[in-house]
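In the numbering used here, each number is its position in the sequence shown, counted from 1, plus 329.
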Amino acid sequence: MWQLRNRVSTSEHLEARLNLSEDEREGIALTAGKLATAVTPHYFSLIDKDDPECPIRKQVVPRGEEAYVSPEEMADPCGEDSHMPVPGLVHRYPDRVLFLVTDRCAAYCRYCTRSRVVSGVGDQRLELQWEMAFKYLEKTPTVRDVLLSGGDALLLSDKQLDKLLTRLRSIPHIEFVRIGSRIPIFLPQRITPELCAMLKKHHPLFLSIHTNHPKELTLEVREGLERLADAGIPMGNQSVLLKGVNDSVEVQKALCHKLLMCRVKPYYLYQCDLIKGSSHLRTSIAKGLEIMEGLRGHTSGYAVPQYVIDAPGGGGKIPINPEYIVQRDEKKVVLRNYEGKEYVYPEPQEMLAGAMQE
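Written out as structure tokens, the structure reads:
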């Protein structure tokens, strides 16, 4: 609670603590009505106060570049609003839903996919209708997986979260629940033994954390993640590829190795969504593929995330991989390994026989 009460959240706070660039001053003035500025003291302590290019600073301090909106950018890049059968519940995939349970976060990322509805300062509001969502889930037996997000679900109190999870667990066809959260990174003090004990009651329960840079994985964060792991909660990391933050093989490899040491599996590396005002943070897809080339085969498989694009407009996640198939026909597949060497894998004979008959 102290961390939340003492967030750095005003231009005066930022001016007093950072040597702001002109671009940052402009961003603070121009983007106040788009997405609130708020940074927990814990996360703020990681910022280099003299370097505007600090990878932590670039994620949470507004820039004037946010005011520029390129033609391809969208308020709702993942098409969530068009897939809401009831307010706050996104049903885009056949067997799973995204349940938005709050519009607040401990701190606000400048590339936030839901900047249109989080933080309370934008034009659009997130309508929260938990009871309507529960009733929809109860009458939709195809749903087996619920992802809690927002905002950040771990900002709810232990009592609120316990009540929410208990209600979801009362629906027979819901097999497991996931929580997507940046709280372990922004506010590791929230990961208390009491929280972990409560979450442990609701297995199978999974947690997707969001870490972009190895500097974010502090000792306090590691201790919080270990408490969650000791409670039997499997964790995966979802990272966003950001220009000047983590767009190099060296940074990504260091991040993935550090995550494994914290008992977290690198899960997804996202191409940055086409969020309004995000062009200064987006990299090319070629850069993402270059990073994947530098990871696959050059470190343990557990340390390699899946590179994905959340298709603009609501098409869902599409995996993107370097091209390892050099040639393919009915007889064989020619493959390229991480060293660039080629290998031939023959197709099964029964497939050949069936192809010949056809």
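A virtual CB, placed ideally from N, CA and C, is assigned to each residue, including glycine.
Straight-line CA distance for residue i to residue j?
i, j, result
"CYS441", "ARG511", "12 Å"
"VAL475", "ASP432", "18 Å"
"ARG611", "PRO522", "38 Å"
"ASP424", "PRO543", "34 Å"
"GLN489", "TYR465", "20 Å"
"LEU427", "LYS468", "16 Å"
"PRO563", "ARG665", "33 Å"
"ASN541", "HIS627", "20 Å"
"GLN678", "LEU536", "44 Å"
"VAL450", "THR339", "13 Å"
"LEU347", "GLY573", "19 Å"
"TYR636", "MET621", "7 Å"
"PRO651", "GLN453", "38 Å"
In terms of residues, what are the limits of the beta strand (DSSP E) holding residue i?
i, result
"VAL765", "Outside the shown range of the chain, which is 330 to 687, sits residue 765, and nothing can be said about it."
"LYS529", "No beta strand (DSSP E) contains LYS529, which is instead part of the alpha helix (DSSP H) from 522-529."
"HIS303", "Given that the chain is displayed from residue 330 to residue 687, the structure contains no residue 303 and the question cannot be resolved."
"TYR599", "594-600"
"ALA640", "635-640"
"PRO406", "Careful: PRO406 lies outside any beta strand (DSSP E) and carries neither H nor E."
Looking only at its own chain, which residues have a Cβ that is under 6 Å from the Cβ of residue i, when we skip the five neighbours before and after it?
i, result
"PRO395", "Looking at the sequence shown, residue 395 is not Pro but Glu. The answer, listed in chain order, is GLY356, THR360, GLY606."
"LEU588", "ASN566, PRO595"
"ALA358", "none"
"CYS585", "PRO595, ALA632"
Residue range of the alpha helix (DSSP H) that residue i falls in?
i, result
"ILE512", "512-515"
"LEU554", "548-559"
"GLN453", "Neither: GLN453 is in no alpha helix (DSSP H) and is coded neither H nor E."
"GLN489", "487-498"
According to DSSP, residue i sits in a beta bridge with which residue or residues?
i, result
"SER537", "GLY509, GLY565"
"GLU671", "ARG665"
"VAL337", "VAL368"
"THR628", "ARG625"
At least one CB of chain B closer than 7 Å to the CB of residue i: is that the case?
i, result
"HIS539", "The chain inventory of the structure shown lacks chain B, comprising one protein chain alone."
Apart from the five residues just before and just after residue i, which ones in its own chain have a Cβ nearer than 8 Å to its Cβ?
i, result
"ILE638", "TYR599, GLN600, ILE614, LYS646, ILE647, ILE649"
"GLU619", "VAL578"
To the nearest whole angstrom, what separates the beta carbons of residue i and residue j, a pair I think is in contact under 8 Å?
i, j, result
"LEU364", "SER478", "The Cβ separation is near 16 Å, so there is no contact."
"ARG334", "VAL368", "That belief does not hold up - the Cβ atoms of ARG334 and VAL368 are roughly 13 Å apart, past 8 Å."
"GLU545", "LEU343", "Wrong, their Cβ atoms sit about 19 Å apart, outside the cutoff."
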